[in-house]
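Trainee:
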Amino acid sequence: SLSTIGVKVASCVEDECVPSPCGSGQKCIDPNTAKGSKFDFVCTCDSDPSVSEIGKAAVCEVDECTSSPCGAMQTCLDANKSPSPLGNFECSCANGVKKVGGPATCAMGTSDECLMNPCGGQDCVDPDTTSASTGDFICTCVNSKGSSTGQPAVCQVDDCEMNPCGSGQTCTDPNTLATVSDDYICSCDAPATGMATGGPATCVVDECAQSPCGIDQTCVDADMSPMKFFDYTCTCKNGVAATGGPATCE
């Protein structure tokens, strides 16, 4: 009999990814390279790693419109998202003119840029609809102030225009952007004091602030409502008191 002592037995491997059965645009991984393991290789799309197949090439998709090859004012459609061949996307003008593989040449006289809704939720007007005139559309804010040419406007809303603070208070809106609301500040008019953000302030008038009782008497204004005056109390050191003016101390 033959002795196996001192003889190394070779470990046979077979990497099915060499050469790659997945083709271009895909990665191939063979998780088990043992010679008896067949068709367990995995093909994964370079364009979308979430798409893969075991034992055969994956069906990959490439949307060429992702890179906006038609420009901002034309519509892009890639009906066949196959990675090969490329250049089969279609560009369409607002007036219906189309071209495959690149931007279309929009016909003169019918290119209204507003048809592509470049202003979003704002009003859009294109004063010159010839295809030679581009980027001159005007965006105007709705229910707020602001307009811009060639791009959406920065809309402004002054919360103080509706006088949310009421009478006897001054309103200030530190940020008039339409996206920011209820940040206005209500400040009480003198001689009242008080301030609040997003709503009317609670105003108070401390009549004792003007020292109406003099230096030798104590002044207390129990009700500092701005609608009440001369209700403060002056009190002498001996306890004699008067309302609405200095007391006669004995």
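First residue of the sequence shown? That's 273 in the working numbering, and the numbers climb one at a time after it. Cβ coordinates follow ideal geometry from the N, Cα and C atoms, glycine included. Every value quoted in this text rests on a predicted model; they were computed, and no experiment measured them.
#1: Starting from C413, trace the beta strand (DSSP E) both ways and give me its first and last residue.
#2: Between which residues of its own chain and I460 is the CB-CB distance below 6 Å, once the five residues before and five after are set aside?
#3: Would you mind giving the Cβ-Cβ distance between C337 and S319, rounded to the nearest angstrom? I have them listed as a contact below 8 Å.
#4: On a CA-only basis, which of T402, S339, D408, G373 is nearest E362? Give me that one, please.
#5: For T421, which option in Q428, G327, T451, P390 has the closest C-alpha, if you only look at C-alpha atoms?
#6: M467 lies in the beta strand (DSSP E); which residues open and close that run?
#7: Out of C378, Q423, V369, point me to the one whose CA is closest to D395's CA.
#8: If you draw a straight line from the alpha carbon of D495 to that of P484, how long is it in whole angstroms?
#9: Identify whether F508 lies in helix, strand or coil by the three-state DSSP scheme.
#10: With 16 as the cutoff for other CB atoms within 10 Å, does S273 come out buried or exposed?
#11: With burial defined as no fewer than 16 other Cβ atoms inside 10 Å of the residue's Cβ, what is the status of I326: buried or exposed?
#12: For C437, which residues in the same chain have their Cβ closer than 6 Å to its Cβ, ignoring the five residues on either side in sequence?
#13: Using only the alpha-carbon positions, how far apart do S324 and V314 sit?
#14: How would you call C284, buried or exposed, if buried means at least 16 neighbouring beta carbons within 10 angstroms?
#15: Pull up the distance between the alpha-carbon of S322 and that of S354, whole angstroms please.
#16: Just mark D431 as buried or exposed, buried being the case when its beta carbon has 16 or more other beta carbons within 10 Å.
#17: When DSSP labels each residue in this structure, what does T451 get in the three-state scheme?
#18: Starting from A513 and walking both ways along the beta strand (DSSP E), at which residues does that stretch end?
#19: Note down the Cα distance separating T477 from Q489, rounded to an integer number of angstroms.
#20: What are the uninterrupted segments assigned as beta strand (DSSP E) that are 3 or more residues long and contained completely in the region 332-395, given in chain order?
#21: Compare the C-alpha of G486 against each of K509, G470, D400 and name the closest.
#22: Label F409 either buried or exposed according to how many other C-beta atoms from any shown protein chain fall within 10 Å of its C-beta, with 16 as the threshold for buried.
#23: Check the C-beta distance from C300 over to S292 and give it rounded, since I have them as a contact under 8 Å.
Mentor: Judging by the given coordinates:
#1: The residue given as residue 413 occupies position 141 in the sequence shown. Judged by DSSP secondary structure, C413 falls outside any beta strand (DSSP E); it is assigned neither H nor E.
#2: Within the sequence shown, the letter at position 188 stands for residue 460. Checking the sequence, you will find Cys at residue 460 rather than Ile. Counting only Cβ-Cβ distances below 6 Å, and skipping sequence neighbours, we find Q441, G466, A473, C475.
#3: The sequence position of residue 337 within the sequence shown is 65, counting from 1. The sequence position of residue 319 within the sequence shown is 47, counting from 1. No, C337 and S319 are not in contact; Cβ-Cβ is about 13 Å, not under 8 Å.
#4: Working through the sequence shown from its first residue, we reach residue 362 at position 90. Minimum Cα distance to E362 is reached at G373.
#5: The sequence position of residue 421 within the sequence shown is 149, counting from 1. Nearest option by C-alpha distance: P390.
#6: Residue numbering aside, residue 467 sits at position 195 when the sequence shown is read from its first letter. Segment 467-469, the beta strand (DSSP E) holding M467.
#7: For this step, residue 395 is matched to residue 123 along the sequence shown. Closest by alpha carbon: Q423.
#8: By 1-based counting over the sequence shown, the position of residue 495 is 223. By 1-based counting over the sequence shown, the position of residue 484 is 212. Here the alpha carbon of D495 sits roughly 16 Å from the alpha carbon of P484.
#9: Residue 508 sits at position 236 when you count from the first residue of the sequence shown. Correcting the residue type first, residue 508 is Cys in the shown sequence and not Phe. C508 sits in coil when the DSSP states are folded into three classes, being neither helix nor strand.
#10: By one-based count along the sequence shown, residue 273 stands at place 1. Because S273 carries a pLDDT of 41, less than 50, the predicted location of this residue cannot be relied on, and the following value inherits that uncertainty. It is exposed - the Cβ of S273 has fewer than 16 other Cβ atoms within 10 Å.
#11: The count along the sequence shown starts at 1 and reaches residue 326 at position 54. By the neighbour-count definition (other C-beta atoms within 10 Å, threshold 16), I326 is an exposed residue.
#12: If you number the sequence shown from 1, residue 437 lands on position 165. Excluding sequence neighbours, C437 sits near C443, C458, P472.
#13: Translated into the one-based positions of the sequence shown, residue 324 becomes position 52. Translated into the one-based positions of the sequence shown, residue 314 becomes position 42. When rounded, the distance between both Cα atoms is 7 Å.
#14: By one-based count along the sequence shown, residue 284 stands at place 12. So C284 ends up on the exposed side.
#15: Here residue 322 corresponds to residue number 50 of the sequence shown, with the count starting at 1. Here residue 354 corresponds to residue number 82 of the sequence shown, with the count starting at 1. Approximately 16 Å between the Cα atoms of the pair.
#16: Working through the sequence shown from its first residue, we reach residue 431 at position 159. Counting Cβ neighbours within 10 Å, D431 comes out buried, since at least 16 surround it.
#17: Taking the sequence shown and counting its residues from 1, the one referred to as residue 451 is at position 179. Residue state, collapsed to three classes: coil.
#18: As a working mapping, residue 513 is identified with position 241 in the sequence shown. If you look at A513, you'll find it in the beta strand (DSSP E) that goes 513-515.
#19: The residue given as residue 477 occupies position 205 in the sequence shown. The residue given as residue 489 occupies position 217 in the sequence shown. The sequence given here places Val at residue 477; Thr does not occur at that position. C-alpha separation (whole angstroms): 20 Å.
#20: Entirely contained in the region 332-395, the beta strand (DSSP E) runs reaching 3 residues are, in chain order, 347-349, 362-364, 370-372.
#21: Taking the first residue of the sequence shown as position 1, residue 486 is located at position 214. Selected option, being the one with the closest Cα: K509.
#22: Position 137 of the sequence shown, counting from 1, holds the residue named residue 409. F409 should be labelled buried.
#23: Counting from one through the sequence shown, the residue named residue 300 turns up at place 28. Counting from one through the sequence shown, the residue named residue 292 turns up at place 20. With a Cβ gap of about 4 Å, C300 and S292 count as contacting.
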